[in-house]
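Enquirer: In our numbering, the protein residues as written are 1 to 176.
The structure follows.
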């Protein structure tokens, strides 16, 4: 994917797209996110989750929701400070000690010891693609099940209108 196509698809400046085009292209190829339909759905989701490739670390208030990460067994946050330490990172916002450990095992990276590694473009792209694969999202993209994809990533439909707007643009740019 060229930086120009990436910039047009998700609506970000060319300079930012230049930073992300190669890591995203390499990761998408590795995870078989190769058809225009798959790429458009993927870019719409990571485009929204990252604020159009701006944020690879969750902004921390902390908000009430973020304070709720602390001590959550379902996220594997068992040590005081885990909520903050394992806040959302990467293009798809991997959250919680358990999810960092699972991603570390799959990517062969020391993410539990060095969670900031998910902020590096190549690792942010790889973790997003790994999440995409783990949740069967290529098949949903093939079927055009965009709302279901959103629910699997977000747990709900937060930001659905923005995600859909990026998706429509990305489909036009990529010829899906």
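Where a beta carbon is used, it is the ideal one built from N, C-alpha and C, also for glycine.
Everything numeric in this text was worked out from a predicted model, so none of it was measured.
1) Would you be able to state if there are at least three C-beta pairs under 8 Å between the region 113-121 and the region 84-101?
2) Could you check whether residue 10 and residue 166 sit closer than 7 Å to each other, using their CB atoms as the reference points?
3) Can you give the beta carbon distance from residue 129 to residue 1, rounded, assuming they're within the 8 Å contact cut?
4) Could you tell me which whole alpha helix (DSSP H) segments of length 4 or greater appear in the region 89-123?
5) So is residue 78 buried or exposed if we call it buried at 16+ other beta carbons inside 10 Å?
6) Tell me which residues share the same chain as residue 71 and place their Cβ nearer than 7 Å to its Cβ, disregarding the 5 neighbours each side in the sequence.
7) If you draw a straight line from the alpha carbon of residue 144 to that of residue 173, how long is it in whole angstroms?
8) Compute the distance between the beta-carbons of residue 104 and residue 24, then report whether it is under 7 Å.
9) So the candidates are 154, 161, 139, 159; which of them puts its Cα closest to the Cα of residue 39?
10) Which residues does DSSP pair with residue 57 in a beta bridge?
11) Short of 6 Å in beta carbon distance, which residues of its chain neighbour residue 148, apart from the five on each side in sequence? Order them along the chain.
12) For residue 110, does the count of other Cβ atoms within 10 angstroms reach 16, so buried, or fall short, so exposed?
13) Alpha carbon to alpha carbon, how far is residue 161 from residue 101? Give it in angstroms, no decimals.
14) Distance, Cα to Cα, residue 26 vs residue 62?
15) Please report how far the alpha carbon of residue 123 lies from the alpha carbon of residue 56, in whole angstroms.
16) By the three-class DSSP mapping on this structure, what secondary structure does residue 175 have?
17) Can you give the beta carbon distance from residue 31 to residue 164, rounded, assuming they're within the 8 Å contact cut?
Expert: Once the coordinates are examined:
1) yes
2) Taking 7 Å as the Cβ cut-off, residue 166 and residue 10 qualify as a contacting pair.
3) Actually they do not touch by this definition, with Cβ atoms about 13 Å apart.
4) The alpha helix (DSSP H) runs lying completely inside the region 89-123 and spanning 4 residues or more are 97-107, given in chain order.
5) exposed
6) 77
7) 17 Å
8) no
9) Taking the Cα of residue 39 as reference, the smallest distance to any Cα among 154, 161, 139, 159 is reached at 139.
10) 89
11) The residues are 140.
12) For residue 110, the number of other beta carbons within 10 angstroms of its own is below 16, and it is reported as exposed.
13) 32 Å
14) Rounded to the nearest angstrom, the two C-alpha atoms are 34 Å apart.
15) 10 Å
16) coil
17) So it is not a contact: roughly 23 Å between Cβ atoms.
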